[in-house]
Ligand code: ATP
């Protein structure tokens with residue numbers, strides 16, 4: 001494993017986590033084990049106010065994420081995007097993380113293949129690799145096509161074995177992962193229909209949803 005002496009290895013998984021579910025958690029845990037990360041942070045994103053489901057606030061999404069990872073030391077929750085008053089660019093999130101870390105700490109940004117293919121539309125995308133490595137989670141059914149600019153980037157920066165990513169930032173690698181067939185959309189829909197979502201998310205998150213009466217028919221976005 002390409003670990004520098006004393007350097008920490010930190011994975012980052014952004015998302016709305018509305019709500020967090022076992023697809024997120026298993027995927028994160030598997031990456032964390034494969035790469036022997038010190039920590040994998042779930043980073044809930046702020047949503048534009050008009051897209052926030054009326055009765056599910058950012059604070060509630062955050063509370064559910066925290067409940068989900070409680071007792072699992074490999075996974076943590078980072079609330080920096082919710083502490084800002086508007087949605088953050090990934091570049092800014094990475095820059096703010098970098099300000100807090102040692103120069104040789106390794107950051108690994110997890111992105112699904114589809115998100116990776118959309119990278120050229122992101123704010124300051126060509127500078128992202130100055131702050132982190134990118135781990136692309138490849139799935140068997142992915143069908144997006146990378147642009148020429150991305151193909152060039154891959155040719156210049158990709159490393160075959162994700163465990164050999166070295167240094168604090170700058171390289172790209174792929175992890176093949178068959179995702180669990182769970183989505184937050186499916187969970188919101190089931191709850192809106194009054195159906196059970198047991199076993200699709202941790203029991204503590206389910207208890208929170210019920211205690212706060214979240215995702216009832218009128219709250220689904
Ligand atoms: P929604 O259904 O509301 O779009 P979602 O379930 O896809 O939500 P997000 O919060 O958008 O969840 O996902 C955050 C990250 O987790 C994304 O990178 C996404 O690719 C990944 N992810 C989502 N679902 C799964 C899953 N079942 N297995 C592995 N990774 C997942």
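Numbering (my numbering), first residue to last: 1 to 221. Don't be surprised by glycine CBs; every beta carbon is placed ideally from N, CA and C.
Could you work out which residue in the options is closest to residue i when comparing CA atoms only?
i: residue 162; options: 133, 142 and 38; result: 133
i: residue 80; options: 198, 95, 159 and 43; result: 43
i: residue 26; options: 137, 90 and 63; result: 137
i: residue 117; options: 35, 100, 71 and 148; result: 148
i: residue 69; options: 140, 212, 204 and 143; result: 204
i: residue 114; options: 98, 135 and 144; result: 144
i: residue 177; options: 167, 112, 185 and 206; result: 112
i: residue 96; options: 131, 182 and 139; result: 131
i: residue 237; options: 141, 71 and 174; result: Since the first residue shown for the chain is 1 and the last is 221, residue 237 is missing from the structure and cannot be characterised.
For residue i, count neighbouring Cβ atoms within 10 angstroms of its own Cβ and tell me buried if that reaches 16, exposed if not.
i: residue 126; result: exposed
i: residue 19; result: buried
i: residue 88; result: buried
i: residue 198; result: exposed
i: residue 21; result: buried
i: residue 61; result: buried
i: residue 202; result: buried
i: residue 90; result: buried
i: residue 171; result: buried
i: residue 78; result: buried
i: residue 123; result: exposed
Would you identify the three-state DSSP class for residue i, choosing helix, strand or coil?
i: residue 144; result: coil
i: residue 113; result: helix
i: residue 16; result: coil
i: residue 205; result: helix
i: residue 66; result: helix
i: residue 23; result: helix
i: residue 8; result: coil
i: residue 158; result: strand
i: residue 91; result: helix
i: residue 125; result: helix
Please check the pair residue i and residue j, which I expect to be a contact at CB under 8 Å, by giving their CB distance rounded to whole angstroms.
i: residue 104; j: residue 7; result: 4 Å
i: residue 107; j: residue 94; result: 7 Å
i: residue 191; j: residue 215; result: 4 Å
i: residue 110; j: residue 13; result: 5 Å
i: residue 32; j: residue 11; result: 6 Å
i: residue 151; j: residue 129; result: Contact flag wrong, Cβ pair sits at about 15 Å.
i: residue 82; j: residue 40; result: Contact doesn't hold; Cβ gap of about 18 Å is too wide.
Taking the DSSP output, what are the residues bridged to residue i?
i: residue 133; result: 108
i: residue 77; result: 42
Taking 8 Å as the cut-off, is the C-beta of residue i nearer than that to any heavy atom in ligand 3?
i: residue 14; result: No copy of ligand 3 occurs in the structure displayed; its ligands are ligand 1 alone.
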